[in-house]
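*Asks:* Chains as they are written, first to last, in our numbering: chain U, 1 to 512; chain H, 1 to 342; chain C, 1 to 370.
Just so it is clear, CB atoms sit at the ideal spot from N, CA and C, and this is done for glycine as well.
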Amino acid sequence: MAEPRPVLEMTGIVKEFPGVRALSGVDFRLFPGEIHALMGENGAGKSTLIKVLTGVYALDDGTITLDGQPVQIDSPLQAQQAGISTVYQEVNLCPNLSVAENIFIGREPTRFGRIQWNRMRKEAAELVDRLGLDIDVTAPLSSYPLAVQQLVAIVRSVGTGDSDGEGSGTKVLVLDEPTSSLDRDEVLELFRLMRQLRDEGVAILFVSHFLDQIYEICDRMTVLRNGGLVGEHMVSELDQVGLIELMIGKALDQLEGLHEHQLHSDVGETLVKADSLGRTGGIAPFDLEIKKGEVVGLAGLLGSGRTELARLLFGADQPDSGKLTIGGKQVSMSAPNDAIGAGVAFCSENRKTEGLVPDLTVRENIILALQAARGWTRPIPVSQRDELVAKYIKALDIRPANPEARVGQLSGGNQQKVLLARWLITQPKMLILDEPTRGIDVGAKAEIQKLVVSLSEEGMAVLYIAAELEEVLRLSHTIGVLRDRRLVARLTNGPEITTSKILETIASGEHQ
Amino acid sequence: MSTTTKTPTAPESRTPAPSRAATLLGDRRLPVLVTAGLFLAMYVAGLSRYQNYGFGEPQVFMNLFIDNGYLLVAAVGVTFVILSGGIDLSVGSVIGFTTMFTAWLVERQGLPILVVIPMALAVGAFGGFLMGYVIHNFEIQPFIVTLAGLFLFRGLCLVISKESISIGDPSVSSMAGAQVNLGAGFLSIGAIVALVVLAGAFYVLHYTRFGRRVYAVGGNEQSALLMGLPQGGTKIAVYTISGFCSALAGLLFTLYIQSGDPLHATGMELDAIAAVVIGGTLLTGGSGYVIGTLFGVLVLGLIKSIIQFEGTLSSWWTKIATGVLLCAFILIQRAMTTRKKA
Amino acid sequence: MTTTPRWRALTHHHLFWPVAVLVVLLLVNVPFTPDFFSIRMTNGHLHGSLVSIVLFGSPLILVAVGMTLVIATGGIDLSVGAVVAITGALTCSYISDQSDQSALSGVFLAMGIGLLAAVICGLWNGFLVARMGIQPIIATLIIMVAGRGVAQLITDGQIITVNSEPFKMIGGGYWLTLPFSIFVVAVVVAVTVMLTRRTALGLLVESVGGNAEASRLVGIRSRRIKIMVYVFCAVCAGIAGLMISSNTSAADGNNAGLWIELDAILAVVIGGTSLLGGRFSIGGTVVGALVIQTLTTTIYTIGVPTQTNLVFKAAVVIVVCLLQSPKFRAKVFRGKFGTKPGAKGGTGQPAAAPADTAPAPEAAPKMEVS
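1. Classify G480(U) as helix, strand or coil using the three-state DSSP reduction.
2. How would you label L319(U), buried or exposed, when you count the other beta carbons within 10 angstroms and need 16 or more for buried?
3. Identify which residue in V241(U), T48(U), S265(U) has its Cα closest to the Cα of V174(U).
4. When the cut-off is 8 Å and only beta carbons count, does T308(C) lie next to chain H?
5. Just to make sure I have the definition right: I need the residues of chain C whose C-beta is within less than 8 Å of the C-beta of G218(H). Which are they?
6. Could you please give the first and the last residue of the uninterrupted alpha helix (DSSP H) stretch that includes V59(C)?
7. Using three-state DSSP, classify H233(U) as helix, strand or coil.
8. So, helix, strand or coil for D252(C), using DSSP?
9. With a threshold of 7 Å on Cβ separation, who are the neighbours of H259(U) within its own chain once the five nearest residues in sequence on each side are excluded?
10. If contacts are defined as beta-carbon pairs under 8 Å, then S207(C) and I227(C) qualify, I think. What distance do you get, rounded to the angstrom?
11. Using a Cβ cut-off of 7 Å, pull out every chain U residue sitting near Y207(H), in sequence order please.
12. Around the C-beta of W368(H), are 16 or more other C-beta atoms found within 10 angstroms, so that it is buried, or is it exposed?
13. Note down the Cα distance separating I260(C) from V78(H), rounded to an integer number of angstroms.
14. Alpha carbon to alpha carbon, what distance is there between I432(U) and T492(U)?
15. Anything in chain H within Cβ reach of R148(C), meaning under 8 Å, just list it in chain order.
16. Looking at the secondary structure, which residues open and close the beta strand (DSSP E) in which R486(U) lies?
17. Identify the contact partners of F280(C) in chain H, using a Cβ-Cβ distance below 7 Å as the criterion.
18. Evaluate the contact criterion for the region 10-27 of chain C versus the region 282-292 of chain C: three or more CB pairs, one atom per stretch, below 8 Å.
19. Unbroken alpha helix (DSSP H) runs of length 4 or more, entirely within the region 25-107 of chain U: which are they?
20. D97(C) bridges to which residues according to DSSP?
21. Got a sec, what are the start and stop residues for the beta strand (DSSP E) M430(U) sits in?
22. Spatial neighbours of S98(U) within its chain, please: CB distance less than 6 Å, with the 5 preceding and 5 following residues excluded, ordered by chain position.
23. Could you give the distance in angstroms between the alpha-carbon of A316(U) and the alpha-carbon of F232(C)?
24. Would you say V317(C) faces chain H, with C-beta separation under 8 Å as the test?
25. Rank Y53(H), A45(H), L89(H) by C-alpha distance to the C-alpha of G267(H) and give the top, closest one.
26. If L283(H) and V277(H) are in contact, beta carbons under 8 Å, what's the gap, nearest whole angstrom?
27. Can you confirm whether the region 446-457 of chain U touches the region 412-430 of chain U when touching is taken to mean that 3 or more C-beta pairs between the two stretches lie within less than 8 Å?
28. So what does DSSP say about A120(H), is it helix, strand or coil?
29. For L356(U), which residues of its own chain have a beta-carbon under 8 Å away from its beta-carbon, when the five flanking residues on both sides are left out?
30. Taking any Cβ of chain U, which residues in the region 204-225 of chain C have a Cβ under 8 Å from it, in chain order?
31. How long is the line joining the alpha carbons of L238(U) and D212(U), rounded to whole angstroms?
32. Among T505(U), G412(U), V172(U), which has the Cα closest to the Cα of D484(U)?
33. List, in order along the chain, the chain H residues whose C-beta lies closer than 9 Å to that of K327(C)?
34. Taking 8 Å as the limit between beta carbons, can you name the residues of its chain near Y174(C), skipping five residues before and five after?
35. Over what stretch of residues does the alpha helix (DSSP H) that includes L285(U) continue unbroken?
36. Take R351(U) and list the residues in its own chain whose beta-carbon comes closer than 8 Å to its own, dropping the five residues that flank it on each side.
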């Protein structure tokens, strides 16, 4: 393919946040009439790059040229006017307005300041029709499911400039994880629309955590890692294993033999058993057993359904199929209280929004779960409370070792330890750890992993989720492999199990 | 409902148009229809019960507009604010302040009413602008900012004078007494102005880009921002409109009652908010019609008239009935929004 | 400057600013009323400006204390003024129907009926907020509107006067040389502090208000807690209603407790409890209520026309809210500390230094990377 001139070129993009360099000199280019995947692990800088491109963040250094002309993009509005439209994962439209209005709002056809409703509806209907969609444009957006709303968002972006001849039409369409909550048919419809737009010459930037989708729809991909550019490849020239290697930054054979198996073997009887437990839009029905003293690790890319699985086991989300038995008794998981009552503890990956109460002190955060279980009328006696808190601050080496410190001011690693302490104090039978080592320093990481080992030796069942495969491999007796929101394999850890083996399972998605 | 156009590809994924029952329940016009129906039912009930006492006179109906014109204007302003997802507690105080300000300028300073009117309107609009500015730029809850506005304007009333100022100016009296004959009955200038404001608000909300932005901001402020709409300007404008409408309502109230008093219109923000909610506008913003607000005001006005006609019922039944209606409509709204999410 | 750390610790105490404002307000009075701080004993009762500030501020303190817990859960209760009116109306109308208005049993029964009505109002609010999931402002608006009508219905639109010595005691009586209402307030405040700090209620309330989702995931039954605080708030308002009607020996359905909800919210905010919920301070609220009452008294004593009271109040609301607004502080800080992080147009690599020396962690923009 003779390379035409790229419609969009970003060169040397630098974006810094206090204390973090999110993008360090990233180059990116996009050709007209292609679907281009932006790949990278969580934290690689994908979202930041998109937000720089769409004017949500101001860039610190670098240039953006559009059609060969340097442009400065300071706001989402300017990006739109320049011909860069974005559709986000959460549909950013107004559900209370009609479909036609959502397509046209901000640029409704007017005459003498009066909106021409008939013309607007007609044009919207024509646009929808041209794109092969069947949507009643006069109906309120909220009467349609999310998938259709997503399509409307795309119609809105490509409709830019269609009325009154303003603007220049969409040149670049950014789709930021549009497929994460769509079912297969809905994805197909989306892809059909994407192909149609591509054939009309629109350059599409596509972000998805579903590898299959990337290989199904994309022509070219750019891979980022740790805020830097790793490479640009034609999709047809890079297989899935190669892509994963680029994303995590290690060749698969390099990963071999990095871990040593020193897992204790005194695994007890079955504690938790899930029978085709599932939730539409969350995770496909799965079977899983976790035994006393066993560490079950979950491996899979971000968005593969790891967190969704964990939340179902804790009752944070309600399953719509299957059943769950804990300690031989079937439990109805209508709320986290039920799980907590059955001895399950859950440390969320979102420490700030779902874990800690930042305004409260370390002490208060630590005793919160225990206190909630006791009810408000039975406070933990002060001496016992202080003793417990002091014990766990010491055991987990929480710094500062001041129970009066506000938890919001602690470092990430120490916040994670507070969260751990909160649940350990309740002496749970099973501990679910969702990305407990994310965003914390190496020392704290090692401590937390050591803790997991010793807890399981004491007989606690642990469900361990981590992005780093070595971590999962090092700790787990059993490894559940997830891909595209399914539990595709359960591997019993042993000498023959290596990170490359796990990666191959992720990449192939084959049941074992 | 939806015209079935040809779908060459992927017919499975096309969404069936919402079922008829769902359409009816989900229709945003439903609450307005309910309120209109309620008004009609109350009116018919009033007719059958008090027909011998002259309830059927067209003028009784006209009086609903004459006696509640100022409330309608204030409620229209509040409709803008609530549609945008905010709330304005300063309405009653701004009305009270305007009566004082007008009476004081006309009576004590001897300014002609035609000069005072634009001044009063400008002060109200500026007050609204300031509140909107603070709400948007400093991200303080509208509730608290307009609460400060409530205190400020009520305080300014008292600063002007602690005593009531009655207006004897002949031009004001002639304006207040002017009647526009419609054959079957007459309307006051206040009622005409209120209807004009209503029509203007309807036009702005449904036929201008600004009006649609108000709905968009109320529907989802974050989306409105990402869609490239100037949500900040919209929010400030909405409070400015509410301030302007309150001042205009204050002028109408001055004409209606022909005096300024520091305690005029105390608590009228509650009446205005209640009228808006009874009129079917969602308090969370983004859904509702200004026509609904008209019916909300008419229902409240009709309750007052019926209580007057009943004779044995006391005035506080108005408050109780308002509260009960408010409760009923809040629960209806709640049912509608949860249904939509499900 | 060796005292700096201690001074910093003092100024960082959550009660520092409310108390400072209160002290300044009190001192302002001295030039105008030199004997402002003196307390005299006449007829076995203590008199003086300080005593009357507490006396007249009592109902506000009560309502504000209840409001604090509601606000701490992230809610608000607009109906307290109406509850004040209903309680007063019910109690007075019951007493006035008695043949012997001073009979203790009758008075207690009357007060019990009044408080029962308050509990029902609180349950209703709590039901709407916690069970039906209606926004607190809207849910409590219903009783705010209808409640005064109900109060007038009870009193038949009249101002009911009673002549009952035992009832007079609560709001107008003296005990141990002090106004009896001060003891009522002290008991309620003490009970509230015990209830919230000696049990785990305070912790759970702060947790629900501070992070609702985290609280759900930790197993807190937030519905119960919310219903409880609305009931508690209504009971506090009910006691305030008893006090107001007792003080005047009359129940006025129309004017009793008018605007008290707004004053109470203001007192809570001045006391340092955020309207967004979370951390609360009963002590701060009491000080906040005293600030409001002192403001009223001060305006009166220094000879500024009393009408301007509301204007001052408006100014206080705005200043307090602006100081609490992170956006406002960020704008002020930006002026002091150079360019804000992420300012446009910066080419090259901005040094990391400005970000590191940012004054406080909260002032830094909260941005999630990726």
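*Replies:* According to the data block:
1. strand
2. Leu is not the amino acid found at residue 319(U); the sequence shown has Pro there. Buried, because 16 or more other Cβ atoms sit within 10 Å of the Cβ of P319(U).
3. T48(U)
4. yes
5. Within chain C, no residue comes near G218(H); the closest Cβ sits about 14 Å away, beyond 8 Å.
6. The displayed chain sequence assigns Pro, not Val, to residue 59(C). It spans 49-72 - the alpha helix (DSSP H) in which P59(C) sits, taken as one unbroken run.
7. strand
8. strand
9. Per-residue confidence for H259(U) stands at a pLDDT of 47, beneath the threshold of 50, marking its modelled position as unreliable; no derived number is given.
10. The Cβ separation is near 16 Å, so there is no contact.
11. R114, I115
12. Residue 368(H) cannot be examined here, being either before or after the span of chain H that is shown, 1 to 342.
13. 23 Å
14. 19 Å
15. W316, K319
16. 486-492
17. Near F280(C) there are no residues of chain H at all, since even the closest Cβ is about 17 Å away, more than 7 Å.
18. yes
19. 46-53, 76-82, 99-104
20. DSSP output for D97(C) lists no bridge partner at all.
21. 430-434
22. T138, P140
23. 30 Å
24. yes
25. L89(H)
26. 6 Å
27. yes
28. helix
29. N365, V407, G408, Q415, V418, L419
30. L204, E206, S207, G210, N211, E213, A214, S215, R216, L217, V218, G219, I220, R221, I225
31. 13 Å
32. T505(U)
33. N137, F138, E139, I140
34. G44, H45, F180
35. The amino acid occupying residue 285(U) in the given sequence is Pro; Leu does not appear at that position. Per DSSP, P285(U) belongs to no alpha helix (DSSP H); it is in the beta strand (DSSP E), 283-291.
36. G412, Q415, Q416, L419
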